[in-house]
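Student: Sending over a structure as structure tokens; questions will come in a sec.
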Amino acid sequence: MQPLANITPLKPAGAVEVRNVGQIFKTTTQDVVALEDVSLDVKPGRFVVLVGPSGCGKSTLLMMMAGLRQQTSGTITISGAPIPEPDPNRVGVVFQEASLFPWLTAEENVEFPLALRGVTKSDRRARAQDALKLVGLDGFGKRHPHELSGGMKQRVSIARGLVQDPPVLLMDEPFAALDEQTRMTMGDELLRIWAATGKTVVFVTHSLTEAVYLADEVIVMSPRPGRIVDHLQVSLPRPRTYEMLSGDTFGSLRDRIWRHIRKSA
Amino acid sequence: MTAATLRRLIVVGLIALWEILPRAGLIPELFLPSLSSTLAAGWNEAGEYGHALAVTLYEVAISMAFACGGGILLGAIVGSLPRPRILIMPMVSSLYAVPLVILYPVFTVWLGIGSESKIAFASIYGFLPTMLATAAGIQTIDPQLLLAARSMGATLSQRLVRVIIPAAIPTVLSGLRVGGALVIVGVVVSEMLISSAGIGYLISRYRTILDSPHVFAGVLLVLAMAIAFNAAIKWIERKAAIWQTGTRAGQNAAEEITPTLQPAT
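These protein sequence lines map, in sequence, to chains A and B.
Take the first sequence: its position 259, counted from the start at 1, is 257 in our numbering, and no numbers get skipped.
Each number in our numbering corresponds to the 1-based position in the second sequence with 23 added.
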């Protein structure tokens, strides 16, 4: 553990810095280079989307930002300090499958990270209520995950990621398992929550449409070894609307990403 | 008529038949003594049956503790560590397919014909399914749940107590159900084979003198024991695993509430 993580960061809260990061997976037969010399700057409050074909290491990069995996080389800092292990006060994580604990109710799931730190029951409940209200699930706290739809489960998951009010929210293909309509609704919901909280969001997805629709910036990655091949600014105004999907700006951005991905696939 | 009342009616009908058929002379008393003569036989020898029941219950209790305690402990170790799993699991699985009762005479040679040989035999008999189920339960825990817990800063012991144990409970309980039932079988069968006390011994002894009412009185006691055990497991299941309500009910619940949640999904 590095004591640095507890010092007041020099950088403003919510900045994510990735410097010359590499990741090598050692297998018995050979070493696989998953990521090579990746550098990336995410300014506080930005919505950044990582896209790329399977195996480009975008999820691996996200896991390293979450402190769930350590890079082989280079440095990653969150709000100016390295992240040697997961720290839900600095970084919230939302996974593809809702990954809720099926034996706990929605509010108990949201309280889980607080319970790990011994926050009192009443305090926990109050904060879970606030988080559930934020994601539009007021009144559903007593339900178990199997009593919730896929979209609602992901809302609980987002509430759990935000309950400790971390400046950074990392999302690993959070809507990939949802149907198209639910996915669109959840995208709008996420943008609403993002606008309301001002969090930095780093979002991994396979969907080009989702990437352009949600992002301030899109980072395009290529596989074997994982590398950043393009960094696009999405100039579309906010709030984003469904009509923008058929506009020229949207189309040309999506085409540009697609050309990169087709080249590397 | 609901399925439950129908089930009760069937049981009542069978009990009535048990009384009526032998009394009407349709079945010889030697094959099936009437319920009333069975109960009377048991009542007249209440002291003998009471003593036998005490012996059997004692053996079952000790064996249950060994089988369940040892099964859960070893199952947890084997399930969570890959190396012992590779070494032990194939052996245990094939051992489970062997009719272990062939080893019982060997146990009596080692431990005598008292309770010790019964306890040893029944413990091993019930241990195998409990251990296999526990190992399977630990192995099949969704790694995503463990990753999520880690991302929220859960330590190893917190992951064990708050994720691994609750997630494994349903599989472990189904193992206990099978293991516990086999413990009862093991104790009674070994008593019937070679012994000098217990309900199995009584059944076997009365059978040799063709005293059917006394045989059936013993059978009733074993039946009662099995039913009591089943009720106990059901009670534990209800207490421990609310989430076993199943996905079907969950889907229905989700469908019911979807229209009330706007603009949710």
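For every residue, glycine included, the Cβ atom is placed at its ideal position computed from N, Cα and C.
The model shown is predicted, which means the values in this text are computed figures rather than measured ones.
I think A96 of chain A touches K151 of chain A, with their Cβ atoms under 8 Å apart; what is that distance to the nearest whole Å?
Tutor: Yes, they are in contact, since the Cβ atoms of A96 of chain A and K151 of chain A sit about 4 Å apart, within 8 Å.
Student: Residues in the stretch 189 to 210 of chain B with C-beta within 7 Å of chain A's C-beta atoms, listed in sequence order?
Tutor: P189
Student: Counting only beta-carbon atoms, is W266 of chain B nearer than 8 Å to chain A?
Tutor: At W266 of chain B the pLDDT is 45, less than 50, meaning the model places this residue with poor confidence and gives no usable figure here.
Student: When you compare each of B:A204, B:L104, B:L151 to A247 of chain B by their alpha carbons, which one comes out closest?
Tutor: The shortest CA-to-CA distance from A247 of chain B to any of B:A204, B:L104, B:L151 is the one to B:A204.
Student: For S57 of chain B, which residues in the same chain have their Cβ closer than 6 Å to its Cβ, ignoring the five residues on either side in sequence?
Tutor: Once the five neighbours on either side are set aside, the close Cβ partners of S57 of chain B are E42, P45, R46.
Student: State yes or no: is the beta carbon of L332 of chain A nearer than 8 Å to at least one beta carbon in chain B?
Tutor: No answer is possible for residue 332 of chain A: the residues shown for chain A start at -1 and end at 263.
Student: Take L135 of chain A and list the residues in its own chain whose beta-carbon comes closer than 6 Å to its own, dropping the five residues that flank it on each side.
Tutor: Cβ neighbours of L135 of chain A beyond the five flanking positions: R153.
Student: Name the chain B residues that come within less than 8 Å of L60 of chain A, Cβ to Cβ?
Tutor: None at all; the shortest Cβ gap to chain B is about 11 Å.
Student: Name the chain A residues that come within less than 8 Å of V17 of chain B, Cβ to Cβ?
Tutor: This structure does not reach residue 17 of chain B, given that chain B is present from 24 up to 288, and the question cannot be answered.
Student: With which residues is R225 of chain A paired in a DSSP beta bridge?
Tutor: A:S220
Student: Between Q162 of chain B and the rest of its own chain, which residues show a CB-CB distance below 6 Å, the 5 nearest in sequence each way excluded?
Tutor: G102
Student: Is the beta carbon of G160 of chain B sitting closer than 8 Å to the one on G209 of chain B?
Tutor: no
Student: Strictly under 8 Å for the Cβ-Cβ distance: is L188 of chain A near chain B by that measure?
Tutor: So no, L188 of chain A is outside the interface.
Student: Please name the residues in the stretch 65 to 90 of chain A whose beta-carbon is closer than 9 Å to at least one beta-carbon of chain B, in chain order.
Tutor: G65, L66, E83, P84, D85, P86, N87, V89, G90
Student: Is the distance from the Cβ of A251 of chain B to the Cβ of V78 of chain B below 8 Å?
Tutor: no
Student: What are the boundary residues of the alpha helix (DSSP H) that T58 of chain A is part of?
Tutor: Run containing T58 of chain A: 56 to 63, per the alpha helix (DSSP H) assignment.
Student: When DSSP builds the beta bridges, which residues end up paired with Q21 of chain A?
Tutor: A:L33
Student: Decide if the stretch 81 to 92 of chain A is in contact with the stretch 61 to 71 of chain A; the criterion is three or more beta carbon pairs, one per stretch, under 8 Å apart.
Tutor: yes
Student: Within 8 Å of any Cβ in chain B, is that where the Cβ of F248 of chain A sits?
Tutor: no
Student: Residues in its own chain within less than 7 Å of C54 of chain A by CB, not counting five upstream and five downstream?
Tutor: M219, S220, P221, G224
Student: Please determine if the stretch 14 to 29 of chain A and the stretch 71 to 86 of chain A are in contact, where contact requires at least 3 C-beta pairs separated by less than 8 Å.
Tutor: yes
Student: For P111 of chain A versus V161 of chain A, is the C-beta spacing smaller than 8 Å?
Tutor: yes
Student: Would you decide whether M114 of chain B is buried or exposed? Buried here means 16 or more other CB atoms lie within 10 Å of its CB.
Tutor: It is exposed - the Cβ of M114 of chain B has fewer than 16 other Cβ atoms within 10 Å.
Student: Between which residues of its own chain and T281 of chain B is the CB-CB distance below 7 Å, once the five residues before and five after are set aside?
Tutor: For T281 of chain B, the predicted model reports a pLDDT of 34, less than 50, meaning its position is unreliable and no value from the coordinates is stated.
Student: Interface residues of chain B around E95 of chain A at Cβ under 7 Å?
Tutor: Q167
Student: Taking Cβ-Cβ distances shorter than 8 Å, what residues in chain A pair up with G160 of chain B?
Tutor: Around G160 of chain B, no beta-carbon contact reaches into chain A at under 8 Å, the shortest distance being about 13 Å.
Student: Does the separation of the CB atoms of I226 of chain B and G241 of chain B fall below 8 Å?
Tutor: Yes, Cβ-Cβ distance for I226 of chain B and G241 of chain B is below 8 Å.
Student: Apply the 10 Å Cβ neighbour rule to P128 of chain B and answer buried if 16 or more other Cβ atoms are within range, or exposed otherwise.
Tutor: exposed
Student: Please check the pair I187 of chain B and A263 of chain B, which I expect to be a contact at CB under 8 Å, by giving their CB distance rounded to whole angstroms.
Tutor: I187 of chain B to A263 of chain B, Cβ: 14 Å. No contact.
Student: To the nearest angstrom, how far is it from the Cα of L114 of chain A to the Cα of D121 of chain A?
Tutor: 13 Å
Student: Output needed for M184 of chain A: all residues of its chain with C-beta closer than 7 Å, excluding positions within five of it in sequence on either side, in chain order.
Tutor: G149, Q152, F173, L176
Student: Determine the extent of the alpha helix (DSSP H) in which I164 of chain B is found, giving its start and end residues.
Tutor: Boundaries cannot be given for I164 of chain B, as no alpha helix (DSSP H) includes it and DSSP labels it neither H nor E.
Student: Whose C-beta lies closer than 7 Å to the C-beta of V206 of chain B among residues of the same chain, with five residues either side of it excluded?
Tutor: If we look at V206 of chain B and ignore the five residues flanking it on each side, its Cβ neighbours are V83, S86, M87, A90, A145, Y148, G149.
Student: In whole angstroms, give me the CA-to-CA distance for S140 of chain B and L76 of chain B.
Tutor: 17 Å
Student: Identify the contact partners of F110 of chain A in chain B, using a Cβ-Cβ distance below 9 Å as the criterion.
Tutor: Residues of chain B passing the Cβ test: A171, A172, M175, A177, R185.
Student: Looking only at DSSP bridge pairs, what is F201 of chain A linked to?
Tutor: DSSP lists A:V47, A:M169 as the beta-bridge partner residues of F201 of chain A.
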